[in-house]
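Following UniProt numbering, the numbering of the sequence shown begins with 1 at its first residue and continues without gaps. Using N, Cα and C, we set each Cβ at its ideal position, and we do this for glycine too. Notes follow once the structure below has been shown.
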Amino acid sequence: MKLKQLEQFRNQANEIKMLERRIQKLEQDVSDCVADTVKASSKHFPYIQHTVRIVGVDAIKIDKINRIKERLNKRKAKLINEMEKVETFIDSLDDSVVRQIVTLRYVEGLEWNSVARQVYRFPNGDTARKKVKRFFEAI
């Protein structure tokens, strides 16, 4: 696992939320009906002309929306898979301090000073940052 993959964790979580919103919006668009009016006449004499309203769905639009949704769902699944790999890596860390620092910084998105305050009980973020940097240089 590389440090860059950990740094992408929060961005991937945000992207998944964005994709879910887009998918939800597309699902709402699918339920939209299209309507139009046409001129018709009665079946029997006197053939009087009148207007008839027709309602339906736009099949071309639905196909396009379904293709977009499928592509978005594939991207979402790929992101979830990558995030699971990161979480598995974090769970496999033997050093409790490194595991705490990595979780607070890369999963929860805290600043280095906040991480140091929670792990070491003092607000100097350099200690936590250097601990993680040394850990990744060693592996």
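Open item on the list: In this structure, how does DSSP classify Gln118 when only helix, strand and coil are distinguished?
Closed with: For the purposes of this step, residue 118 is identified with residue 118 of the sequence shown, where counting begins at 1. Three-state DSSP puts Gln118 in a helix.
- Query: When the distance is taken between beta carbons, is Ala35 closer than 7 Å to Val52?
  - Reply: Working through the sequence shown from its first residue, we reach residue 52 at position 52. Working through the sequence shown from its first residue, we reach residue 35 at position 35. Contact flag unset, no.
query = CA-CA distance, Met83 and Leu26?
reply = Counting from 1 along the sequence shown, the entry for residue 83 is found at position 83. Counting from 1 along the sequence shown, the entry for residue 26 is found at position 26. Taking the straight line joining both Cα atoms gives about 25 Å.
Q. At what residues does the alpha helix (DSSP H) containing Arg10 begin and finish?
A. Position 10 of the sequence shown, counted from the start, is the residue given in the question as residue 10. Its alpha helix (DSSP H) spans residues Phe9 to Val30.
query: In whole angstroms, what separates the C-alpha of Thr127 from that of Leu110?
result: Residue mapping note: residue 127 aligns to position 127 of the sequence shown, counting from 1. Residue mapping note: residue 110 aligns to position 110 of the sequence shown, counting from 1. Distance between the alpha carbons of Thr127 and Leu110: 15 Å.
Q.
Quick check on DSSP: helix, strand or coil for Ile48?
A. One-based indexing of the sequence shown puts residue 48 at position 48. If DSSP states are grouped into helix, strand and coil, Ile48 belongs with coil.
Using a threshold of 7 Å, state whether the C-beta atoms of Asp32 and Ile65 are closer than that. Within the sequence shown, the letter at position 32 stands for residue 32. Within the sequence shown, the letter at position 65 stands for residue 65. No, Cβ-Cβ distance for Asp32 and Ile65 is not below 7 Å.
>> Could you tell me the alpha carbon to alpha carbon distance between Ile23 and Val57, rounded to whole angstroms?
In response: Taking the sequence shown and counting its residues from 1, one reaches residue 23 at position 23. Taking the sequence shown and counting its residues from 1, one reaches residue 57 at position 57. Taking the straight line from one Cα to the other gives about 19 Å.
Report task. Output the distance between the C-alpha atoms of Leu19 and Tyr47, rounded to the nearest integer angstrom. Result -> Start at 1 with the first residue of the sequence shown, and residue 19 comes out as number 19. Start at 1 with the first residue of the sequence shown, and residue 47 comes out as number 47. C-alpha separation (whole angstroms): 54 Å.
- Item | Under the three-state DSSP convention, the category Val102 falls into | Looking up residue 102 in the sequence shown gives position 102. Reduced to three states, the DSSP call for Val102 is helix.
Legend entry - Cβ shell of Ile16 (< 7 Å), same chain only, five flanking positions each side left out: As a first step, residue 16 must be located in the sequence shown, where it is residue number 16. The answer, listed in chain order, is Lys76, Leu79 and Ile80.
Per DSSP, which residues does Arg53 bridge with? Please list them. Within the sequence shown, numbered from 1, the residue matching residue 53 stands at position 53. DSSP output for Arg53 lists Thr37 as bridge partner(s).
Next item on the list: Could you work out which residue in Leu104, Thr88 and Lys74 is closest to Gly125 when comparing CA atoms only?
Entry: Residue 125 sits at position 125 when you count from the first residue of the sequence shown. Per the Cα distances, Leu104.
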